[in-house]
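Everything below concerns the one structure shown next.
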Amino acid sequence: MTHRSRQLKVSALARVEGEGALHVSVRDGEVERAALQIYEPPRFFEALLRGRKHTEPPDITARICGICPVAYQLSSCNAIEDACGVRVPEPIERLRRLLYCGEWISSHALHIYLLHAPDFLGYPDAVALAKDHRELVERGLALKKAGNAILEIVGGRAIHPINIRVGGFYHTPTRTDLRPLAEQLRHALDAALATVRLVSTFDFPHLLLDHDLLAMQHEQRYPIESGSLHSASGLSFPVNEFSRHVVEHQVPHSTALHATLDGHRYLAGPLARYSLNFRQLSPAARQLATEAGLGPQCRNPFQSIVVRAVETYYAVEESLRLIDAYERPDRPCVDVPPRAGTGHGVTEAPRGLLYHRYTIAADGTIEAATIVPPTSQNQAAIEDDLRRLVAGNLDLDDDPLTALCERAIRNYDPCISCSAHFLELTMDRG
Amino acid sequence: MTIPTLAVWKFASCDGCQLTLLDCEDELLAIAGAVRIAHFLEASSDVRPGPYDISLVEGSITTAADADRIRCIRAESKVLVVIGACATAGGVQALRNFRDIDEFRSVVYARPDYIDTLATSTPIAAHVPVDFELRGCPIDKRQLLELLTAYLTGRKPDLPDTSVCTECKRRGLTCVMVADGTPCLGPVTHAGCGALCPAYRRGCFGCFGPMTGPNVPALTRQLKVLGMDDQAVDLVFTTFNTAAFAEERTTS
Numbered sequence: 001m002t003h004r005s006r007q008l009k010v011s012a013l014a015r016v017e018g019e020g021a022l023h024v025s026v027r028d029g030e031v032e033r034a035a036l037q038i039y040e041p042p043r044f045f046e047a048l049l050r051g052r053k054h055t056e057p058p059d060i061t062a063r064i065c066g067i068c069p070v071a072y073q074l075s076s077c078n079a080i081e082d083a084c085g086v087r088v089p090e091p092i093e094r095l096r097r098l099l100y101c102g103e104w105i106s107s108h109a110l111h112i113y114l115l116h117a118p119d120f121l122g123y124p125d126a127v128a129l130a131k132d133h134r135e136l137v138e139r140g141l142a143l144k145k146a147g148n149a150i151l152e153i154v155g156g157r158a159i160h161p162i163n164i165r166v167g168g169f170y171h172t173p174t175r176t177d178l179r180p181l182a183e184q185l186r187h188a189l190d191a192a193l194a195t196v197r198l199v200s201t202f203d204f205p206h207l208l209l210d211h212d213l214l215a216m217q218h219e220q221r222y223p224i225e226s227g228s229l230h231s232a233s234g235l236s237f238p239v240n241e242f243s244r245h246v247v248e249h250q251v252p253h254s255t256a257l258h259a260t261l262d263g264h265r266y267l268a269g270p271l272a273r274y275s276l277n278f279r280q281l282s283p284a285a286r287q288l289a290t291e292a293g294l295g296p297q298c299r300n301p302f303q304s305i306v307v308r309a310v311e312t313y314y315a316v317e318e319s320l321r322l323i324d325a326y327e328r329p330d331r332p333c334v335d336v337p338p339r340a341g342t343g344h345g346v347t348e349a350p351r352g353l354l355y356h357r358y359t360i361a362a363d364g365t366i367e368a369a370t371i372v373p374p375t376s377q378n379q380a381a382i383e384d385d386l387r388r389l390v391a392g393n394l395d396l397d398d399d400p401l402t403a404l405c406e407r408a409i410r411n412y413d414p415c416i417s418c419s420a421h422f423l424e425l426t427m428d429r430g
Numbered sequence: 001m002t003i004p005t006l007a008v009w010k011f012a013s014c015d016g017c018q019l020t021l022l023d024c025e026d027e028l029l030a031i032a033g034a035v036r037i038a039h040f041l042e043a044s045s046d047v048r049p050g051p052y053d054i055s056l057v058e059g060s061i062t063t064a065a066d067a068d069r070i071r072c073i074r075a076e077s078k079v080l081v082v083i084g085a086c087a088t089a090g091g092v093q094a095l096r097n098f099r100d101i102d103e104f105r106s107v108v109y110a111r112p113d114y115i116d117t118l119a120t121s122t123p124i125a126a127h128v129p130v131d132f133e134l135r136g137c138p139i140d141k142r143q144l145l146e147l148l149t150a151y152l153t154g155r156k157p158d159l160p161d162t163s164v165c166t167e168c169k170r171r172g173l174t175c176v177m178v179a180d181g182t183p184c185l186g187p188v189t190h191a192g193c194g195a196l197c198p199a200y201r202r203g204c205f206g207c208f209g210p211m212t213g214p215n216v217p218a219l220t221r222q223l224k225v226l227g228m229d230d231q232a233v234d235l236v237f238t239t240f241n242t243a244a245f246a247e248e249r250t251t252s
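Chains as they are written, first to last, in the numbering used here: chain A, 1 to 430; chain B, 1 to 252.
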């Protein structure tokens, strides 16, 4: 088996957001090519943003992704506010962080329980899993619901929140509005704790990545809504230097662009975030990570589900802290008068760094927009994982090898609508 | 009695409308007990061949291959329900319909020749007969549950065909346009969201698209009274339901 040339094909990768395909060719026992092909039809957001007002990107870019709209909304707010030379006051920043924690909890719980855990437990989906382990799926859904409750109360809606604007919010909640949320989150904290313990017992295939890692860092806290950029290779730079280091290029097989960091492959997302920011986790989250078998760094992509569970626990704790300390801001937003210039904004979407850049005219009209989503940054790393997984498992039959490749892709929780979308896997051992 | 089969399909879109089904955290397992989910790639690797009793279709048609794919799905589906602004009106990506697609392609891609796309983003009903349309960007969870319940019990779904204004009044909200002078598309926008934006003291921006028989000229005059210039009025009508509002603005 190892030495023959062969071809495997899966026509649709399931349990990922969006549409794409994977082509792997093996010739004479050597992996010749592993290409992640994203054929999500392009939607041209960067083009259609031109001519819009500087107040519009939070509503428009939210529509890039239904799973992580807040990431788009807040990266765009950061970039526009940067262009206009405005910083939002600390109370508004804290409320943004609470909202973003809601998205982390909801998106991570969706990925862990509905998309990823079935891989480890041998089921095709959460519905089939629920037939044997109903309480487990119900726990995941309750956790996800708690995240969505934050999005609904602070953001107005779980999918495409309506309450976010450049400069802050349209309306801020009172302490009383947040009280029932705290009650729900205390239950969610137990569910998040049980989630870390559950996923830590899974059987993880062996794979150690040697990509560089890129994530935000913040002096006081685990990076979510603000910070500067740092890599495992020692690079540190402010967000306005992003495009000097990260360069996107087009490949013929994909509608998503590929990105490199100073010319080399790198990884963004939970593994990068955790490995560069372990010390910024809360003591309880750090201890939980250690009990779950993680070190201060994690480089096995199959353990990303454990890192996501730890981050979910942290986000629930952090939400409770933010609600406890919440003082309603004097005003829901600050004015952001336009001025000519270019602004840069970055935040940590659940699946990794999300960068926005806008050039605006003096009257606020957008002249140019650039958006670099996490999945296009991770494409090269995903392809490298696939190459090494196939090379290390050539003795497997086609079906289990194909299944292993699909699992490897799911480790990254790829958001394919974001990066351009459906995954089809072709293994050519021709 | 055999359990009906449900399929969920995606075209050019953000996944938000199909995610609405997974966001029914309290009802998801009950739904999964009442139908057999036979095709739902975002949620399951267990993919079964058609025909399907009910298909939910998200997204708009933007490639020639997708125009073929929707015809196959229609042929395999007894009931075809389109969900969301992309599927009912072409979505935000329909902004290309009024611009030069080659120019769009070259703004985003260094090698536009690699990119296969149509010059337009069109709703599903422009390609195949559709049995029901659920509006919204994204759709509303309660409306989706009403639709599925109605289908399973064999009755017509009870969904409003009025404006956001009526929902706003029923909630007892103070009108943002009258009280604060905030421009609001509530008077011409299809009901369904529960008057979400006015509840957060912002004007409706039309994500459920035009209601049946909207009085667009009257609202346009009022928006201008409130200080919006022609460009601002154009922008507010040209977002997530740009093609549907364009039709209403030219015919009204």
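Ideal Cβ positions, reconstructed from N, Cα and C, are used throughout, including at glycine.
Pro4 (chain B) is outside the set of residues whose beta carbon lies under 9 Å from a beta carbon in chain A. With 16 or more other Cβ atoms from the protein chains shown falling within 10 Å of its own Cβ, Glu225 (chain A) counts as buried. Against Val108 (chain B), the close residues of chain A are Pro42, Phe44, Glu46, Ala47, in the order they occur along the chain (beta-carbon pairs closer than 7 Å). Here DSSP, grouped into helix, strand and coil, assigns Met216 (chain A) to strand. As the crow flies, the alpha-carbon of Pro270 (chain A) is around 44 Å from that of Gly172 (chain B). In the structure shown, Cys68 (chain A) falls within a coil segment according to DSSP collapsed to helix, strand and coil.
Measuring C-alpha to C-alpha distances from Glu58 (chain B) to each of A:Gly66, A:Ala368, A:Leu386, A:Leu99 identifies A:Gly66 as the nearest.
DSSP, reduced to helix, strand and coil, places Gln37 (chain A) within a strand of the structure shown. Uninterrupted beta strand (DSSP E) stretches at least 3 residues long and entirely within the stretch 111 to 191 of chain B occur at 132 to 134, given in chain order. Against Arg157 (chain A), the close residues of chain B are Leu196, in the order they occur along the chain (beta-carbon pairs closer than 7 Å). Taking one beta carbon from each stretch, the stretch 201 to 221 of chain B and the stretch 167 to 186 of chain B have 3 or more pairs nearer than 8 Å; the two touch.
Beyond the five residues adjoining it in sequence on each side, Ala292 (chain A) comes within less than 6 Å, by CB distance, of Val196, Ser200, Val306 in the same chain, given in chain order.
Listed as beta-bridge partners of Thr347 (chain A) by DSSP are A:Leu354. In this structure Pro157 (chain B) does not touch Ala191 (chain B) by the C-beta definition: roughly 14 Å separates them, more than the 8 Å allowed.
Among the residues of chain A, none has a CB under 7 Å from the CB of Pro123 (chain B); the nearest is roughly 15 Å distant. Contact between Val216 (chain B) and Val188 (chain B) holds, since their C-beta atoms are separated by about 6 Å, short of 8 Å. The C-alpha of Ala192 (chain A) is placed about 17 Å away from the C-alpha of Leu322 (chain A). Nearest in C-alpha terms to Asp177 (chain A), of all of A:Gly140, A:Glu152, A:Glu248, A:Ile92, is A:Glu152. Excluding residues up to 5 positions away in sequence, Ile224, Glu225, Leu322 lie with their Cβ nearer than 7 Å to the Cβ of Arg97 (chain A) in the same chain. Ranked by Cα distance from Gly51 (chain A), the first of A:Asp399, A:Gln379, A:Cys333, A:Thr359 is A:Thr359. Per the coordinates, the alpha-carbon of Glu25 (chain B) lies some 12 Å from the alpha-carbon of Leu145 (chain B). Taking a beta-carbon distance threshold of 9 Å, Gly66 (chain A) counts as an interface residue toward chain B.
Thr63 (chain B) is bridged by DSSP to nothing; it lacks a bridge partner. Rounded to the nearest whole angstrom, the C-alpha separation of Glu311 (chain A) and Asp212 (chain A) is 21 Å.
For Val92 (chain B), there is no enclosing alpha helix (DSSP H), as DSSP marks it with neither H nor E. Taking all protein chains shown into account, Asp203 (chain A) has fewer than 16 neighbouring C-beta atoms within 10 Å of its C-beta and is therefore exposed.
Rounded to whole angstroms, the separation of the alpha carbons of Ile70 (chain B) and Glu42 (chain B) is 18 Å. The criterion of a C-beta distance shorter than 9 Å is not satisfied by Ala125 (chain B) and Ser77 (chain B). Between Leu152 (chain B) and Gly341 (chain A), the alpha-carbon positions lie close to 55 Å from each other.
The beta-carbon distance between Pro118 (chain A) and Ala109 (chain A), rounded to whole angstroms, is 14 Å. This is too long to meet the 8 Å contact definition. Interface criterion met: the Cβ of Ile37 (chain B) is under 9 Å from a Cβ in chain A. Contact annotation: His249 (chain A) and Thr260 (chain A) have beta-carbon atoms nearer than 9 Å.
Against chain A, a Cβ distance below 8 Å from Phe104 (chain B) picks out Phe44, Ala47, Leu48.
For His258 (chain A), the enclosing beta strand (DSSP E) has its first and last residue at 258 to 261. Short of 7 Å from the beta carbon of Ser44 (chain B), and not among the five residues preceding or following it, lie these beta carbons of its own chain, in chain order: Ile37. Residues of chain B with a Cβ closer than 9 Å to the Cβ of Tyr170 (chain A) are, in chain order, Cys197, Tyr200, Arg201, Arg202.
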